[in-house]
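Below, the structure written as structure tokens:
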């Protein structure tokens, strides 16, 4: 009798021990991982290669760990190495390598895609934006004060890229807000570059008048006034070209003297005018103070 009691008690204790081990095993296993499968760190937990000191960024600023740091000795902006994301290298879209154009002018010249260009161009804009944001984060993680000027210049290009992405994906109200942001970020942008940005937004349904009103250095303050000045310029060119006494080089010289033509502006050769006028460059001369 005593032997049967002891055997029953032993079975009960063994069952309890097995149950306890099962519970411990379940609690210790990571969710979604099969037993025996090695644990791998999540991509989101990886420190991006271009971040020097995460503590300088704070908890709300995190980089994308999928951006690659190239190990060939090249740099994006010192001391950040050259970065690459989905086939696009930062060094190929780096505004600072263009010594003739300011950041805003470079952005307009390089990232002038429109919705009609299709999804591939939108993908290029998004990749470029991510690369610029990554360099921006990298410099902030080194020393915000030391790199303040470069960081502010990067913010101009980032704001323009954000504006362009909105032109692909958003409605007019969101595009208008993005335009206001890029103009705010670039108070030193030339009147030509600012005008180009406004003209781009107008192609996407934004009313340009309120932005033209606050644009210094422009002879017209509304779409109607600019239209009248452009039409007036066209008439003047036609009358000059019809004058038999005019020098053969007069029209060419007149176009070269047009302040709307510069290395920092794509107003003429990319058709940024909301008027979609197919006319000579010189008709834009009345738009700007000379």
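Residue numbers (mature numbering (1 follows the signal peptide of the UniProt record, and there is no 0)): -28 to -1, 1 to 262.
For each residue, glycine too, the CB sits at the ideal point set by N, CA and C.
Per-residue burial, residue i [other beta carbons within 10 Å of its own, 16 or more giving buried]
i           : result
residue 117 : exposed
residue 35  : buried
residue 169 : buried
residue 150 : buried
residue 121 : exposed
residue 20  : buried
residue 88  : exposed
residue 134 : buried
residue 62  : buried
residue 38  : exposed
residue 105 : buried
residue 180 : buried
residue 66  : buried
residue 98  : buried
residue 182 : exposed
residue 164 : buried
residue 18  : exposed
Nearest neighbour of residue i, chosen from the options [CA to CA]
i           : options            : result
residue 68  : 58, 59, 88, 47     : 47
residue 50  : 197, 107, 43       : 107
residue 100 : 57, 199, 194, 142  : 57
residue 127 : 138, 144, 139, 109 : 109
residue 129 : 183, 80, 145       : 80
residue 176 : 190, 66, 146       : 146
residue 78  : 95, 152, 132       : 132
residue 162 : 171, 189, 173      : 189
residue 60  : 142, 45, 95, 86    : 95
residue 140 : 185, 30, 92, 64    : 92
residue 158 : 198, 123, 25, 196  : 123
residue 178 : 144, 43, 26, 44    : 144
Supposed contact pair residue j and residue i - C-beta distance, whole angstroms, cut 8 Å
i           : j           : result
residue 111 : residue 52  : 6 Å
residue 160 : residue 83  : Incorrect: roughly 19 Å between the Cβ atoms, too far for contact.
residue 185 : residue 193 : 5 Å
Same chain, Cβ closer than 8 Å to residue i, neighbours up to 5 away in sequence not counted
i           : result
residue 28  : 112, 113, 114, 115, 116
residue 33  : 109, 112
residue 142 : 150
residue 153 : 131, 134, 135
residue 43  : 53
Residues bridged to residue i (per DSSP)
i           : result
residue 40  : 56
residue 61  : 56
residue 288 : This structure cannot speak to residue 288, because the chain is shown only from -28 to 262.
Close Cβ partners of residue i (< 7 Å) along its chain, the five nearest in sequence each way excluded
i           : result
residue 166 : 155, 187
residue 138 : 146, 147, 150
residue 284 : In this structure the chain extends from -28 to 262, so residue 284 is not present and cannot be described.
residue 119 : 111
is_contact[residue i, chain C] using C-beta, thresh 7 Å
i           : result
residue 141 : Of the protein chains in the structure, only one exists, and it is not chain C.
Residues near residue i by beta carbon distance below 6 Å, same chain, minus five either side
i           : result
residue 125 : 75
residue 103 : 55, 57, 62
residue 70  : 78
residue 24  : 113, 114
residue 64  : none
Closer than 6 Å: residue i CB and nearest the ligand HEM heavy atom
i          : result
residue 83 : Annotation note on the ligand HEM: not contained in the displayed structure, which lists no ligands.
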